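FYI, the numbering for the sequence shown is -24 to -1, 1 to 341, going by mature numbering (1 follows the signal peptide of the UniProt record, and there is no 0).
Every residue gets a Cβ at the ideal spot worked out from N, C-alpha and C, and that includes glycine.
On a predicted model such as this, the values are computed, not experimentally measured, just so you know.
Below: the structure, in structure tokens.
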Amino acid sequence: MVCRTCSEALKRALPLFAAGCLLAGCKPASAPAQHDTLPAVQVLRVQEDQPEKVLFAGRYTASRIIPLAPTQAGRLRKIAVVSGQSVHQGDALALLEDRVLQEQVAQAEGEADAARADAAQAEATYKRSRGLDTAGGLSAGTVEERGYARRMAQGKARSAQAALMQARIQLAEATLRAPEDGQILSVTGVAGTLVGAGTEVVRMAAGAPEVRLQVPSPSAWRVGDRAEVSLPADPAARPVQAVVQETGAVDGASQMQTLRLRLEQTLAVPLNSLVRVALPAQRAAPVMRVPLTALVETHQTHAQVWALTDGDTPRLVLRHVDIAGLRGADALVEGLKAGERIVTSGEASFQPDQAVQMISQASGR
């Protein structure tokens, strides 16, 4: 009797207890968040490493190098400039002996005057003869001959005038003049010596200042590459920025290639001065700087790193890289892209496509 009463009381109490639990907010313990179980990794966003500089000797010059030579053979009477001198267009640079040329001009002037006089006389004679053949004063043949003489005299006058112009040109060419504004680079002629036509006497530079240098071939430097130019006598001075504007042909004998650099500002030294040029070291592919701890499965010049995909839940991707060199506690590697995220400390237990949790992220090295 007592047992039956207890059983009935328990049946009535269980629903009340369950209802009380619901009213009190009794719930099953929630499962832990998924990201709490993911491996935690430190992440680095890689940046391209700045290459080291390679030094060369260059020459400070101008965009146009102009060798100047007389157009005719003769004896140098005077050199009117010195190396380093600034000149303007039309300035006399060197003079040849011109006494013979002056005599030739005087003779040509006399011959031209005589020819013009003969032509004027023939013209007047022909004009007087016109119409006399019909009046019976002259025969038609005589008038025709005077017309021929007139045309012949006019031709001789033109020929004499052309000879005079040629003589004056030769006299003018006995003075070597600057074709444009510039600066004298070198003077090879010596006053009093005989020079042949086309023999260089003076060399000048004109145009914008630039630097020329020779580099071993084959080279990977291209138009647009940056460079720095400094003065050997003042290594502490701030270098002048420059850009490669032309890559010349390779010299077959020396296997050297000429580079021309455009300067962003002029140098405080004379043209033809030696300068020091710093070019970035040549690289076949972009090089990234990563910590040595990020490398896994290293084999001499090859290794792997763990990279991360984008998204709220990044996943691991195994990247194969080539080791280009070492720098302190970092490795210089090829095979990554600038801005790509990698794990700074690789773990052998990681698996490709494994989800991870980033606990920190740094940019560059």
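Asked	Found
The region 163 to 178 touching the region 32 to 51, judged by at least three CB pairs closer than 8 Å	yes
Separation of V297 from H275, as counted between CA atoms	11 Å
Own chain residues within Cβ distance below 8 Å of D329, not counting five before or after	R291, L292, V293
Supposed close pair A129, E87 - CB separation, criterion 8 Å	Not a contact, Cβ separation roughly 13 Å.
Short Cβ contact (8 Å threshold) for V253 with A307	no
Rounded distance between the beta-carbons of I55 and A148, thought under 8 Å	With a Cβ gap of about 18 Å, A148 and I55 do not count as contacting.
Contact under 8 Å by Cβ, L247 with G34	no
Closest Cα partner of D201 within the set K29, L20, P15	K29
V219: first and last residue of the uninterrupted alpha helix (DSSP H) it sits in	Element bounds for V219: not the alpha helix (DSSP H) but the beta strand (DSSP E), 216 to 226.
Boundaries (first-last residue) of the alpha helix (DSSP H) holding G301	First-last for G301: 292 to 303, but that is the beta strand (DSSP E), not the alpha helix (DSSP H).
Rounded C-alpha distance that separates D25 from E222	26 Å
C-alpha gap between Q18 and S193, whole angstroms	44 Å
Nearest-angstrom beta carbon gap, V205 and V220 [assumed within contact, 8 Å]	Going by Cβ atoms, the distance from V220 to V205 rounds to 12 Å, so no, they are not a contact pair.
Residues that DSSP places opposite F32 in a beta bridge	V253
Collapsed DSSP secondary structure at S135 in the structure displayed	helix
Backbone secondary structure at Q276 - three-state DSSP	coil
Nearest candidate by alpha-carbon position, reference D286, set G165, A261, A331, A182	A331
Inter-residue spacing [alpha-carbon to alpha-carbon] between A7 and T13	With a pLDDT of only 43 at A7, under the threshold of 50, the placement of this residue in the model should not be trusted, and no figure is reported.
T234 - partner residues in DSSP beta bridges	Q190
Identity of the residue in R75, A133, D157 nearest V63 by Cα	D157
DSSP three-state assignment for L161, whether helix, strand or coil	strand
Beta-bridge pairing of W282 - partner residues as DSSP gives them	L294
Inter-residue CB distance, V187 and V226 (contact presumed, cutoff 8 Å)	Not confirmed; about 19 Å, so no contact.
Bridge-paired residues (DSSP) for A95	DSSP, once it has assigned bridges, lists no residue as partnering A95.
Top-ranked residue by Cα proximity to I42, from A150, A154, V58	A154
Per DSSP, cross-strand counterpart(s) of Q333	A16
3 or more residues per run - each beta strand (DSSP E) lying fully within the region 55 to 101	68 to 72
Boundaries (first-last residue) of the beta strand (DSSP E) holding V22	Looking at the DSSP string, V22 is not in any beta strand (DSSP E), and its letter there is neither H nor E.
Nearest-angstrom Cβ-Cβ length linking L69 and L31, presumed shorter than 8 Å	Their Cβ separation, rounded to whole angstroms, is 36 Å, which puts L69 and L31 out of contact at 8 Å.
Cβ neighbours of T164 in the same chain (closer than 7 Å, five flanking residues each side left out)	E176, V177
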